[in-house]
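Heads up, the thing below is written out as structure tokens.
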Amino acid sequence: MKQHHSVQRRRLLSIFSGFTIAATVFTVSTLSDQPAVSAAPLSQETGSAQPTSVYTEFTGWRSWTPQEGWAITHAPGKDLTWKFVDTPFARPPGSDGSFAGIYGTDRPETAVDTSLVSPAVDLTGQESPVIEFDSAYYPYLLTGGVELSLNGGLTWSTAWEGPAATGGTRGRMTVPIPQAAGHLGVLVRFHSSGRANQYGSWSIDNVFIGTR
Ligand SMILES: [Ca+2]
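Mapped onto mature numbering (1 follows the signal peptide of the UniProt record, and there is no 0), the consecutive letters of the sequence shown carry residue numbers -22 to -1, 1 to 190.
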């Protein structure tokens, strides 16, 4: 078992060169809770096994344990991260059961730089893919955005930026991602940074990636 883990880690690190620290977090959290088959969703080698869409309701997910090929990453020293909860507080419209959230009340005045990263999606043959998600976004000192990677997590580009509206923004978001059309191994991450305070939070549920 030990030997198997080390093999998986080397493979992930090679995919994530330039992204070493976050890749280590990903590897540890994934391998401790997931079967090995879903520990390498980012590899181009396994492209034929990538789903052509992802739909995740986070049902039954708890605390800091992602499932189904999702991962949580955070920058060193910044330890307020995404977590999975089932609570009325900050629940997005359209959400039920568990959802994913970041809450400044958990660690006020903490610096934040965390992402909830999707499994790799095969968008070859798709001309008009989208990302959809239910969102309750109250930024205050936080910022939030949805980012795309077309190279296994080496670089990311912004697909959606959380609006700076006073009082927050709630509802189902639809984000066209024509820049990812035709690509294999597309990764989507929900990235939040900034500082936590008692008002800032971002919650998401019912994430879809693919073509409707
Ligand atoms: Ca849910």
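C-beta atoms are modelled at their ideal positions from N, C-alpha and C, and glycine is treated no differently.
If you're wondering where the values come from, they're calculated on a predicted model, not measured in any experiment.
- In terms of Cβ geometry, tyrosine 33 and serine 179 do not form a close pair [threshold 8 Å].
- In the structure shown, proline 156 adopts helical secondary structure according to DSSP, grouped into three states.
- DSSP places leucine 94 inside the beta strand (DSSP E), whose first and last residues are 89 to 95.
- In the three-state reduction of the DSSP assignment, alanine 27 falls in the helix class.
- If you draw a straight line from the Cα of glycine 72 to the Cα of isoleucine 109, it comes to about 16 Å.
- Assigned with DSSP and collapsed to three states, lysine 56 falls in coil, not helix or strand.
- The three-state reading of DSSP puts leucine 120 in strand, counting E and B together.
- When Phe67, Phe77, Arg40 are compared, the shortest CA-CA separation from valine 185 is found for Phe77.
- Remark: C-beta atoms of threonine 136 and glycine 123 approach each other more closely than 8 Å.
- DSSP, reduced to helix, strand and coil, places glycine 188 within a strand of the structure shown.
- Glutamate 35 has its Cβ nearer than 7 Å to a heavy atom of ligand 1.
- Secondary structure at aspartate 84: coil, using DSSP grouped into helix, strand and coil.
- Judged by the Cβ position, serine 127 fails to qualify as a neighbour of ligand 1 at the 7 Å threshold, every heavy atom of the ligand being at least this far.
- In the assembly as shown, serine 41 is an exposed residue. Its beta-carbon has fewer than 16 other beta-carbons within 10 Å.
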